[in-house]
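For reference, the structure discussed in these notes is given below.
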Amino acid sequence: MNTTDTIPFNPDDQNNSNTAMIIAALERIGESFRVMLWEQAKEHGLSPIQVQSILFLHTHDESKATVTYLSKEFNVTKATMSDVVKVLSEKKLLVKKDNPADTRAQVLKLTALGKKMASATGGFANNYLRYLEPLSDRQKTSLKTVLLDMIYNLYKDGIITMQRMCFTCVHYATANNKPFCNLLQITLTPDHLRLDCPEHVQQVG
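Start counting at 1 in the sequence shown, then tack on 47, and there's your number in my numbering.
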(Lines of atoms letter the chains of each structure in order from A; the text may use other names.)
(Lines give C-alpha, C1' and ligand atoms only; values in the text may rest on other atoms or scores of the structure.)
Protein backbone atom coordinates (compact mmCIF):
# COMPACT_ATOMS: atom_id res chain seq x y z
CA MET A 48 0.00 0.00 0.00
CA ASN A 49 1.23 3.48 -0.89
CA THR A 50 1.27 5.28 2.47
CA THR A 51 0.97 8.68 0.77
CA ASP A 52 -2.52 7.67 -0.36
CA THR A 53 -3.49 6.20 3.02
CA ILE A 54 -6.05 7.87 5.26
CA PRO A 55 -5.78 6.21 8.71
CA PHE A 56 -9.39 7.12 9.55
CA ASN A 57 -10.68 5.16 6.55
CA PRO A 58 -11.78 1.66 7.70
CA ASP A 59 -10.70 0.17 4.36
CA ASP A 60 -7.18 1.54 4.81
CA GLN A 61 -7.10 0.26 8.38
CA ASN A 62 -8.14 -3.22 7.24
CA ASN A 63 -5.34 -3.29 4.68
CA SER A 64 -2.61 -1.66 6.73
CA ASN A 65 -1.59 -2.35 10.32
CA THR A 66 0.24 0.98 10.26
CA ALA A 67 -2.98 2.84 9.44
CA MET A 68 -4.86 0.95 12.15
CA ILE A 69 -2.19 1.79 14.74
CA ILE A 70 -2.47 5.50 13.90
CA ALA A 71 -6.26 5.34 14.20
CA ALA A 72 -5.92 3.49 17.52
CA LEU A 73 -3.52 6.11 18.88
CA GLU A 74 -6.02 8.82 17.92
CA ARG A 75 -8.75 7.07 19.90
CA ILE A 76 -6.49 6.69 22.92
CA GLY A 77 -5.64 10.40 22.67
CA GLU A 78 -9.34 11.22 22.53
CA SER A 79 -10.03 9.11 25.61
CA PHE A 80 -7.27 11.01 27.44
CA ARG A 81 -8.87 14.33 26.50
CA VAL A 82 -12.29 13.09 27.68
CA MET A 83 -10.97 11.96 31.08
CA LEU A 84 -8.99 15.17 31.53
CA TRP A 85 -12.02 17.30 30.65
CA GLU A 86 -14.28 15.39 33.04
CA GLN A 87 -11.74 15.76 35.85
CA ALA A 88 -11.35 19.47 35.14
CA LYS A 89 -15.11 20.09 35.15
CA GLU A 90 -15.49 18.24 38.43
CA HIS A 91 -13.12 20.70 40.09
CA GLY A 92 -14.23 23.86 38.30
CA LEU A 93 -11.08 24.12 36.20
CA SER A 94 -10.15 23.96 32.53
CA PRO A 95 -7.99 21.14 31.14
CA ILE A 96 -4.96 23.41 30.71
CA GLN A 97 -5.35 24.61 34.29
CA VAL A 98 -5.31 21.03 35.55
CA GLN A 99 -2.29 20.20 33.42
CA SER A 100 -0.44 23.27 34.71
CA ILE A 101 -1.12 22.38 38.33
CA LEU A 102 0.04 18.80 37.78
CA PHE A 103 3.19 19.95 36.03
CA LEU A 104 4.11 22.37 38.82
CA HIS A 105 3.41 19.65 41.38
CA THR A 106 5.69 17.11 39.71
CA HIS A 107 8.59 19.21 38.39
CA ASP A 108 11.26 21.35 39.99
CA GLU A 109 11.36 25.11 40.43
CA SER A 110 13.59 25.71 37.39
CA LYS A 111 10.65 24.81 35.16
CA ALA A 112 8.02 26.77 37.14
CA THR A 113 7.77 29.87 34.95
CA VAL A 114 5.18 31.17 32.52
CA THR A 115 7.70 30.92 29.68
CA TYR A 116 8.54 27.29 30.39
CA LEU A 117 4.90 26.29 30.82
CA SER A 118 3.92 27.98 27.56
CA LYS A 119 6.54 25.91 25.72
CA GLU A 120 5.61 22.75 27.61
CA PHE A 121 1.98 22.96 26.52
CA ASN A 122 2.53 24.62 23.14
CA VAL A 123 0.52 27.74 23.92
CA THR A 124 1.41 31.42 23.76
CA LYS A 125 2.84 33.22 26.77
CA ALA A 126 -0.30 35.37 26.80
CA THR A 127 -2.50 32.29 27.07
CA MET A 128 -0.37 30.82 29.84
CA SER A 129 -0.36 34.15 31.67
CA ASP A 130 -4.17 34.03 31.68
CA VAL A 131 -4.05 30.46 33.04
CA VAL A 132 -1.70 31.55 35.83
CA LYS A 133 -3.88 34.57 36.60
CA VAL A 134 -6.96 32.38 37.10
CA LEU A 135 -5.09 29.84 39.21
CA SER A 136 -3.74 32.67 41.33
CA GLU A 137 -7.24 34.10 41.79
CA LYS A 138 -8.40 30.65 42.87
CA LYS A 139 -5.61 30.63 45.49
CA LEU A 140 -4.03 27.57 43.90
CA LEU A 141 -0.65 29.17 43.21
CA VAL A 142 1.41 32.22 44.04
CA LYS A 143 4.14 34.06 42.15
CA LYS A 144 7.49 34.51 43.86
CA ASP A 145 10.62 36.42 42.88
CA ASN A 146 13.06 34.29 40.94
CA PRO A 147 16.57 34.60 42.41
CA ALA A 148 18.02 33.13 39.20
CA ASP A 149 16.26 35.56 36.86
CA THR A 150 14.84 38.90 37.98
CA ARG A 151 12.84 39.15 34.75
CA ALA A 152 10.73 36.08 35.54
CA GLN A 153 8.76 34.93 38.54
CA VAL A 154 8.65 31.42 39.96
CA LEU A 155 5.23 29.82 40.23
CA LYS A 156 4.56 27.89 43.42
CA LEU A 157 1.53 25.87 44.38
CA THR A 158 -0.19 26.81 47.60
CA ALA A 159 -1.30 24.15 50.07
CA LEU A 160 -4.69 24.28 48.34
CA GLY A 161 -2.97 23.93 44.96
CA LYS A 162 -1.07 20.85 46.09
CA LYS A 163 -4.28 19.36 47.42
CA MET A 164 -5.94 20.05 44.06
CA ALA A 165 -3.03 18.41 42.23
CA SER A 166 -3.43 15.29 44.35
CA ALA A 167 -7.17 15.28 43.73
CA THR A 168 -6.89 15.64 39.96
CA GLY A 169 -3.70 13.71 39.27
CA GLY A 170 -5.24 10.27 39.05
CA PHE A 171 -7.55 10.93 36.11
CA ALA A 172 -5.47 8.72 33.78
CA ASN A 173 -4.98 5.84 36.21
CA ASN A 174 -7.29 3.65 34.15
CA TYR A 175 -4.42 3.26 31.71
CA LEU A 176 -2.31 1.68 34.46
CA ARG A 177 -5.01 -0.91 34.96
CA TYR A 178 -5.19 -1.61 31.23
CA LEU A 179 -1.43 -1.99 30.83
CA GLU A 180 -0.68 -3.96 33.98
CA PRO A 181 -1.67 -7.37 32.49
CA LEU A 182 1.00 -6.97 29.77
CA SER A 183 4.22 -8.91 30.21
CA ASP A 184 7.43 -7.02 30.94
CA ARG A 185 8.59 -7.79 27.42
CA GLN A 186 5.42 -6.34 25.91
CA LYS A 187 5.71 -3.20 28.04
CA THR A 188 9.34 -2.70 27.04
CA SER A 189 8.49 -3.12 23.34
CA LEU A 190 5.58 -0.69 23.60
CA LYS A 191 7.71 1.82 25.50
CA THR A 192 10.46 1.64 22.88
CA VAL A 193 8.05 2.23 20.01
CA LEU A 194 6.40 5.19 21.74
CA LEU A 195 9.72 6.82 22.67
CA ASP A 196 10.91 6.52 19.07
CA MET A 197 7.66 8.06 17.80
CA ILE A 198 7.88 10.93 20.26
CA TYR A 199 11.49 11.60 19.34
CA ASN A 200 10.65 11.68 15.63
CA LEU A 201 7.74 14.05 16.30
CA TYR A 202 10.15 16.25 18.24
CA LYS A 203 12.74 16.22 15.44
CA ASP A 204 10.04 17.25 12.96
CA GLY A 205 9.09 20.19 15.19
CA ILE A 206 5.57 18.92 15.84
CA ILE A 207 6.04 18.67 19.61
CA THR A 208 8.50 20.51 21.83
CA MET A 209 10.14 20.42 25.27
CA GLN A 210 11.08 16.76 25.33
CA ARG A 211 13.16 15.89 28.40
CA MET A 212 14.01 12.45 27.05
CA CYS A 213 17.36 10.69 26.75
CA PHE A 214 17.61 11.20 22.98
CA THR A 215 17.54 15.02 23.31
CA CYS A 216 19.99 15.28 26.24
CA VAL A 217 23.62 16.42 26.18
CA HIS A 218 24.47 13.42 28.36
CA TYR A 219 23.26 10.99 25.68
CA ALA A 220 26.03 9.27 23.75
CA THR A 221 26.93 6.04 22.02
CA ALA A 222 29.47 3.59 23.40
CA ASN A 223 30.27 0.36 21.55
CA ASN A 224 27.31 1.10 19.27
CA LYS A 225 24.98 1.18 22.27
CA PRO A 226 23.13 4.15 23.84
CA PHE A 227 25.01 5.45 26.87
CA CYS A 228 24.39 8.07 29.59
CA ASN A 229 27.54 10.05 30.38
CA LEU A 230 25.97 11.45 33.54
CA LEU A 231 24.90 8.17 35.13
CA GLN A 232 27.69 6.23 33.42
CA ILE A 233 25.41 3.42 32.35
CA THR A 234 24.46 1.73 29.11
CA LEU A 235 20.92 2.76 28.27
CA THR A 236 18.95 -0.43 27.77
CA PRO A 237 15.29 0.01 26.78
CA ASP A 238 14.36 -0.30 30.45
CA HIS A 239 16.71 2.58 31.35
CA LEU A 240 15.43 5.05 28.76
CA ARG A 241 13.54 8.00 30.20
CA LEU A 242 10.80 10.19 28.79
CA ASP A 243 10.95 12.93 31.44
CA CYS A 244 14.33 12.96 33.15
CA PRO A 245 15.01 15.33 36.09
CA GLU A 246 18.69 15.53 35.08
CA HIS A 247 17.92 16.32 31.44
CA VAL A 248 19.99 19.05 29.79
CA GLN A 249 18.73 20.04 26.35
CA GLN A 250 21.01 19.54 23.36
CA VAL A 251 21.71 22.70 21.38
CA GLY A 252 21.59 22.64 17.63
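All C-beta atoms in this analysis are idealised placements derived from N, C-alpha and C, irrespective of residue type, glycine included.
Distance between residue j and residue i (C-alpha atoms, nearest Å)
i	j	result
Gly92	Arg177	27 Å
Asp204	Leu182	31 Å
Val132	His247	25 Å
Pro95	Glu109	22 Å
Ala172	Lys138	24 Å
Val217	Arg241	14 Å
Arg185	Lys144	45 Å
Met68	Val142	45 Å
Lys125	Asn200	25 Å
Expected contact under 8 Å - CB spacing of residue i and residue j to nearest Å
i	j	result
Ala112	Leu84	21 Å between Cβ atoms; not a contact.
Leu160	Ile101	Contact flag wrong, Cβ pair sits at about 10 Å.
Run of the alpha helix (DSSP H) containing residue i, from where it starts to where it stops
i	result
Gln232	Per DSSP, Gln232 belongs to no alpha helix (DSSP H) and is neither H nor E.
Thr188	Asp184 to Lys203
Ala67	Asn65 to Glu90
Buried or exposed (CB count within 10 angstroms, at least 16 for buried), residue i
i	result
Cys219	It is worth fixing the name first, because residue 219 is Tyr in this sequence and not Cys. Looking at its Cβ environment, which holds 16 or more other Cβ atoms inside 10 Å, Tyr219 is buried.
Val98	buried
Met197	exposed
Val251	exposed
Ile54	exposed
Leu135	buried
Leu157	buried
Thr168	buried
Enclosing beta strand (DSSP E) for residue i [first to last residue]
i	result
Gln153	Gln153 to Leu157
Leu141	Leu141 to Asp145
Three-state class that DSSP yields for residue i in the structure shown
i	result
Thr53	coil
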